[in-house]
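The structure appears below as structure tokens.
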Amino acid sequence: MRLMQAVALGMLMFPSFAVPAAEPQKRDWEAVELVGQATDYWHKRDWRTYYWREDFSFILKEDGGKNWRIISREPTPAYTWRMGTTYTDLKVDWAAKQRVKVVGVKAVDRIPADFHDFKLNEANLATALIVFVETKPGEWKEWYVNNWFHPWGEKADRTMHRWYADKPTPYNIYGFARGQSAPFDKKSKEIIDKHKDNPSLMFQGRIRTAKDTPFGYEIELIDLIGRNVQTGGSALLHGDAKTIPLLDSRKPEK
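So the number in this note's numbering is just where the residue sits in the sequence shown, counting from 1, plus 2.
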């Protein structure tokens, strides 16, 4: 019963996670790789109908350059799973105006394209997909990694795949199996093809370098999740999904 309630709420608030994916939104965004000092750090954890989400923002004072408004991607709810984002266990004193490195896209990479009550009217704005913090001179450690992959456009796709390729968790990725810029490897494609009639296929996978392919990268499948057309819930089609975090769906106290 709890699963069905969560799915029903998810279909109301996030229909693309519980019904067949529509044609992907056309994007042609620019990738950014920024280094500088973080100021005006803002963080919020709030209740989103049936799960808790976390968001952050800060101003990045680029070395020798511009000021950028940086915003996060929100977590991606899918049935009872949280398919990213990942916050590592790195402890950061944001009041100390840390030096950071941000890999992202010059756009509001959220649906809908808004961010809490921010006006987002800065001339330079980027959605962070990876945030590194300089823990000592020349040493950078991940603090935040987006895991949900969709096409960002020809100008950004290879950049994002390069940053994630051949790396362990937290660089595992999720997405719609039918909406990826990189192809799946041969074995993974065979598994997906067996379930081609399922109306909605989502996956967990890893990006691998594939120099002999036109795109240069491939996706190795870990888990494949479809839709159970009889119940409206999920159907685990491949893997065990044990490494996919669950949504924090504990209701707030009244």
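Glycine included, every Cβ here is placed at the ideal spot set by N, Cα and C.
All figures in this text were calculated on a predicted structure; none of them were measured in a lab.
Classify E25 as buried or exposed, calling it buried when 16 or more other Cβ atoms lie within 10 Å of its own Cβ. Note that E25 has pLDDT 43, beneath the 50 cutoff, so the model's placement of it is unreliable and no number is given.
With V135 and V94 assumed to form a contact (beta carbons below 8 Å), what rounded beta-carbon distance in angstroms separates them? Separation of the CB atoms of V135 and V94 is rounded to 5 Å, and the pair is thereby assigned contact status at 8 Å.
Give me, in chain order, the residues of the same chain whose beta-carbon lies closer than 6 Å to that of E124; leave out the 5 immediate sequence neighbours on both sides. R71
Looking at the secondary structure, which residues open and close the beta strand (DSSP E) in which W145 lies? E141 to V147
Three-way DSSP call (helix, strand, coil) for W96 in this model: helix
If you compare alpha carbons, which of K68, T211 and D225 is closest to G241? D225
How would you label P77, buried or exposed, when you count the other beta carbons within 10 angstroms and need 16 or more for buried? buried
Can you grab the Cα-Cα spacing for the pair K189 / I221, in whole Å? 10 Å
Alpha helix (DSSP H) segment containing M85, residue limits: Unbroken run through M85: none, as it is neither H nor E.
Whether W150 touches G86 by CB criterion (7 Å): yes
Candidates K157, Q206 and F178, of which the one nearest P170 by Cα: Of the candidates K157, Q206 and F178, the residue whose Cα lies closest to the Cα of P170 is Q206.
Do Y43 and P79 have their C-beta atoms within less than 7 Å of each other? no
Own chain partners of A23 with C-beta closer than 7 Å, once the 5 adjacent residues on each side are dropped: Because A23 carries a pLDDT of 38, less than 50, the predicted location of this residue cannot be relied on, and the following value inherits that uncertainty. Excluding positions up to five away in sequence, the list reads F178, R180, G181 and S202.
Which class does E136 belong to by DSSP, given the choice of helix, strand or coil? DSSP places E136 in strand when its eight states are reduced to three.
Pick from W154, M204 and G235: whose alpha carbon is nearest that of K28? W154
What residues are listed by DSSP as bridge partners for W49? W54
Compare the Cα-Cα distances from P139 to each of K103, L122, V147 and E156 and report the closest residue. K103
With burial defined as no fewer than 16 other Cβ atoms inside 10 Å of the residue's Cβ, what is the status of R4: buried or exposed? In this prediction, R4 has a pLDDT of 37, which is less than 50 and means its spatial position is unreliable; nothing more can be read from the coordinates.
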